[in-house]
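Colleague: According to numbering that gives the first Met the number 0, the sequence shown is numbered sequentially starting from 0.
All C-beta atoms in this analysis are idealised placements derived from N, C-alpha and C, irrespective of residue type, glycine included.
None of the values given here were measured: they were computed from a predicted structure.
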Amino acid sequence: MVLIERTYRFLLVICILLLLYLKPEFKGFFNIDFLKAYSLLAILFLSLHFYIEFKIRNKNWIRIDSLFLVGFYVVHFQFPIMISISGIFDSDMHKILGSNYHINFGVWLSLIGILFWLLGYSLFYKSKRRIFTRDTIFTYYYQYKKLLYFTVILFVLFLITAGHDFLSGGIYKGTGSSLSGDGAAPYIQSLFSICIIVLTTSVFLNNKGKYSGGSLLKWFYKLDRWYLVLVFMYLYIFLMIGDRGGPIALISTIIILMGELIKPLKLWFSILILFIGAMIMTLIGLGRIDKSGNSIISSGYTNLQEENQYPSYYIPTFELAKSNRIVFYSLETVPEQHDYFYGKLWISRLLSPIPFLQTFYLQLTNEKKYNINSEDYITYLYLGENSISGEGTSIIADIYLNFGLLGVIICMFFIGVFLKKANMIIKDVNNYRFVILGAIIASLSFYFGRTSFLIILKPLIWSWIITSLFIKRIKYKFSK
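#1: Does the beta-carbon distance from residue 465 to residue 193 come in below 8 Å?
#2: Is there contact here, the segment 416-426 with the segment 390-404, by at least three beta-carbon pairs under 8 Å?
#3: Whose C-beta lies closer than 6 Å to the C-beta of residue 506 among residues of the same chain, with five residues either side of it excluded?
#4: Just tell me which of 449, 460, 87 has its CA closest to the CA of residue 437.
#5: Is the CB-CB distance between residue 234 and residue 283 below 8 Å?
#6: State the DSSP-derived secondary structure class of residue 313, mapped to helix, strand or coil.
#7: Just list the alpha helix (DSSP H) runs in the segment 232-294, keeping only unbroken ones of 4 residues or longer that don't cross its boundaries, in chain order.
#8: Determine the burial state of residue 20: buried for a count of at least 16 other Cβ atoms within 10 Å of its Cβ, exposed for fewer.
#9: With three or more C-beta pairs closer than 8 Å as the rule, is the segment 48-55 touching the segment 245-254?
#10: In chain order, what residues of the same chain lie with their CB nearer than 7 Å to the CB of residue 27, ignoring the 5 residues before and after it?
#11: In chain order, what residues of the same chain have a beta carbon less than 7 Å from the beta carbon of residue 37, not counting five sequence neighbours either side?
#12: Take the Cβ of residue 322 as the centre, count every other Cβ of all protein chains shown within 10 Å, and call the residue buried at 16 or more, exposed below.
#13: Run through DSSP, which three-state label would residue 53 get?
#14: Going straight from the alpha carbon of residue 201 to that of residue 343, what length do you get?
#15: Quick check on DSSP: helix, strand or coil for residue 41?
#16: Report the option in 114, 429, 188, 325 whose CA atom is closest to the CA atom of residue 449.
#17: Give the single residue among 424, 198, 280 whose Cα lies nearest to the Cα of residue 149.
#18: Count the other CB atoms within 10 Å of the CB of residue 72; is the residue buried (16 or more) or exposed (fewer)?
#19: Among residues of its own chain, excluding the 5 on either side of residue 386, which ones have a beta-carbon nearer than 8 Å to its beta-carbon?
#20: Looking at the C-beta of residue 120, does it have a partner C-beta in chain C at a distance below 8 Å?
#21: Specify the secondary structure class of residue 338 as computed by DSSP and reduced to three states.
#22: If you draw a straight line from the alpha carbon of residue 81 to that of residue 320, how long is it in whole angstroms?
#23: Excluding the 5 residues flanking residue 316 on each side, which residues of the same chain have their C-beta closer than 8 Å to its C-beta?
#24: Would residue 63 and residue 444 qualify as a contact pair, given that the criterion is a beta-carbon distance under 8 Å?
#25: Helix or strand or just coil, what does DSSP make of residue 108?
#26: As a quick exercise: from 382, 42, 10, 68, pick the residue whose alpha carbon is nearest that of residue 328.
#27: What would DSSP say about residue 367, mapped onto helix, strand or coil?
#28: Keeping to the same chain, check which residues put their C-beta closer than 8 Å to that of residue 396; ignore five residues upstream and five downstream.
#29: Tell me which residues share the same chain as residue 458 and place their Cβ nearer than 6 Å to its Cβ, disregarding the 5 neighbours each side in the sequence.
#30: If distances are taken between C-alpha atoms only, which option among 367, 353, 143, 122 comes closest to residue 223?
#31: Using three-state DSSP, classify residue 483 as helix, strand or coil.
#32: Is it buried or exposed for residue 5, if we count other Cβ within 10 angstroms and need 16 for buried?
#33: Which of the three DSSP states, helix, strand or coil, is assigned to residue 23?
#34: With a CB to CB cut of under 7 Å and the five nearest residues on each side skipped, what residues in its chain are close to residue 357?
#35: Can you tell me the Cα-Cα spacing of residue 175 and residue 274, whole angstroms?
#36: In the structure shown, what three-state DSSP assignment does residue 101 receive?
Okay, structure coming up:
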C-alpha cells in the first residue's frame, strides 16, 4: 500500500509540473481537446484517490473528502465533460457559461486547484505523538436536555422572526428580502443550524454503543424521539420553502457520522443516497423559482422536463453544475478590469463570527458590501447592486479573485491538509470537542466547492462556544 501511495503522489507531482508548463492562454476560444484532457485527468486522479482512501479507511465511502470531491467535481467539471465528451454545446449552454474566451483557462485553473488539494491531502499524516499519558483519561458530562431545549427555542425564534417572505418560499420568487429574513433572523438561523449539528453529533456519540449490527435506519429511528421530531420538522419546513443549504448540511452530517462512527457505508448505498439527494435538491432548486402557485416539487418536476434535451445521467446534478460559470465570470473581470483583491473579499467572512460587526464595518468605512464578499461582488458584476437574487461564488473563483493563480495553488494545498485533519479528528471519540468540530466541517463538505471556504469560520467558532456551554470535560487518573 505504501508503494501505491508513493506512486500516486509521484504521478500527481509530474502531472502538476506538466500542466504548469503547458498552461493555456489566459484568453482564447475554447478548445475541445483541452477540455477533454483536463476533465479526464480530473476523473483519473479522483478515481485513484477514492481507491486509496477506500483501502485505508475501512471501506467507508462517505467521508468529508469524498463529499467535497463530488461537490467540487460537479461544480467545476460536469459542464466541460458535457461539452468535450458528450458533444453538447447549444445556445442554452452558451448562456450558462457566458464568454467562450476563458473556458480553457478556467477549467485548467480548476484542475490545478484540485490536484494541489489532492497533493496536500495525501502528504498529511497523523501525528504519532501521544496526547495523554496512559494513566489519565477523560469523560464528558453531556447536558442533552438543555441543549435540545435550547435548539428548539432557537428554531421557534427563527420561525417567528424570519417573516412571511421566507416561510412562504416567496423569497425565491422575487420578493426582495434576504434569504433568511431580516434583522436578527439570519443570526438566529445560523446559531440554530450550528446547534442542531452539535446536537446530532452528541446524539450519535452517546448512542454509537447501542448499534449491534443490522439496519442503520432501524438504529437511527430508535434515537430520542424529540430529537427525531426536531430533525424531520426542520428538514420538511426548509425543503418545502425551497431552502436547501441547511438540510444539505444536516443530511451530510448524519450520513458522514453514520459511516465514520457507526458502520462503514458501502459503495452502492453511497451512490443511491447521493443520487436521491441530488434529484430532490434539483427538483427543489427548479421549483422554488416557479410562480405558478404549485408546490415546489411539482413545479420542479415540470421545469425538469425542459432539461430533457440533455442525457439523463447529467440531470440530477445539472443545476449545481451551472455554478461553473462563476469561475469564467471571475476570469473575465480580474485582473484585466480590476486588480486582485488581495484578501479584501474575505473581510465579510472574517467579520461574520461577531454578530452585526460586518454592518458596523460597512457604516464605519462607507464600503460597499460587494467589495468585501466574493458572492456579492460577482452578483454585482452581472445583476447589479440591488439584485433580488444572487450568483454566488465557487471555491476556485473566491480564491482567484483575491490572490490569482498562486493563491489557488497555495490555498487549495492547505485546504487539502485541513480536510485530511478533519477526517482524522471526526473519529477521535475520546475527544467530543474535536469530533464536533469535525462534524461542523462535515456539514459543509459537499458545499465547499460552491462557496468560499472561509464560510466554515463562524460555525467552527460558534460550535466551540456551544460545546463549552453544554458539554463538560472531566479529567481524572486511574487508581494505581
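Modeller: If we stick to the structure as given:
#1: yes
#2: With a cut-off of 8 Å, the segment 390-404 and the segment 416-426 do not count as touching, because too few Cβ pairs lie within range.
#3: Coverage of the chain is limited to positions 0 through 479, which leaves residue 506 absent and any answer about it impossible.
#4: 460
#5: no
#6: helix
#7: 244-256, 266-286
#8: Exposed: under 16 other Cβ atoms inside 10 Å.
#9: no
#10: 100, 103
#11: 79, 106, 107, 110
#12: buried
#13: helix
#14: 37 Å
#15: When secondary structure is reduced to three states using DSSP, residue 41 falls in the helix class.
#16: 325
#17: 198
#18: buried
#19: 378, 379
#20: No chain C is present in this structure, which holds just one protein chain.
#21: coil
#22: 10 Å
#23: 73, 77, 277, 281
#24: yes
#25: In the three-state reduction of the DSSP assignment, residue 108 falls in the helix class.
#26: 382
#27: coil
#28: Within the same chain, residue 396 has close Cβ partners 325, 326, 328, 329, 373, 377.
#29: 193, 439
#30: 143
#31: The question about residue 483 has no answer, for the chain in this structure spans 0 to 479.
#32: exposed
#33: coil
#34: Once the five neighbours on either side are set aside, the close Cβ partners of residue 357 are 347, 350, 351.
#35: Any reading at residue 175 must be qualified, since the residue scores a pLDDT of 47, below 50, and its modelled position is unreliable; no value is offered.
#36: coil
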